[in-house]
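Residue numbers (this note's numbering): 113 to 235. We put the CB at the ideal spot given by N, CA and C, even for glycine.
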Amino acid sequence: MKQKAKNYAAALVDSLATVKPGREKSIVANFLKLLEANGDMKKAKEIIALAEGLFLKKTGNKKIVLETARPLNSRSVFKKIKKEGDIIEEKINPELIAGIKIIVNNSRQLDFSLRKKLQQIFQ
């Protein structure tokens with residue numbers, strides 16, 4: 113019987129939560145072997161995304177994506193909004209023109225980009 117992606121994700125998070133430090137790679141390697149043996153490798157991306165969300169929820173941390181038109185020069189932006197355990201990802205999107213777009217946990221969004229301002233003006 114094929115397993116659902118969310119079941120795999122929950123199993124992966126539970127396995128990683130109880131593992132001794134330094135053994136994470138072997139847990140993930142074994143998990144990938146399990147997916148391959150079950151013929152579920154095509155679900156790997158979905159499983160990892162779900163596992164990341166479950167892990168962050170379990171630990172009370174956030175995934176914060178900072179989307180800018182150009183690379184940020186200063187890492188001070190990261191230090192001000194990040195707490196220990198949070199995942200910070202920087203994306204470059206020239207379509208923003210200028211400014212910043214902040215996405216928290218793939219759901220909440222603050223859009224301070226010039227593109228958004230121009231869209232609001234010309235609607």
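A123 and T171 have their C-alpha atoms spaced approximately 16 Å apart. Cβ contact annotation for L168 (same chain, cutoff 8 Å, sequence separation greater than five): K174, K175, I199, N217, in chain order. DSSP places K132 in the coil class of the three-state scheme, outside both helix and strand. Annotated three-state conformation of F167 is helix, per DSSP.
Residue range 175–180 is occupied by the beta strand (DSSP E) that includes L178. For the options E207, F190, K195, I209, the alpha carbon positioned closest to that of E201 is the one of F190.
About 5 Å separates the CB atoms of E158 and A117; that is less than 8 Å, so the two are in contact.
Listed in chain order, the beta strand (DSSP E) elements of length 3 or more contained wholly in the segment 180–222 are 199–204, 211–216. Close CB contacts of A181 within its chain, under the 6 Å cut and outside five residues either way in sequence, are with P206, L208, I209, A210 (chain order).
Looking at the backbone, the Cα of L166 and that of Y120 are separated by about 11 Å. According to the DSSP assignment, Q231 belongs to the alpha helix (DSSP H) that extends over 226–233.
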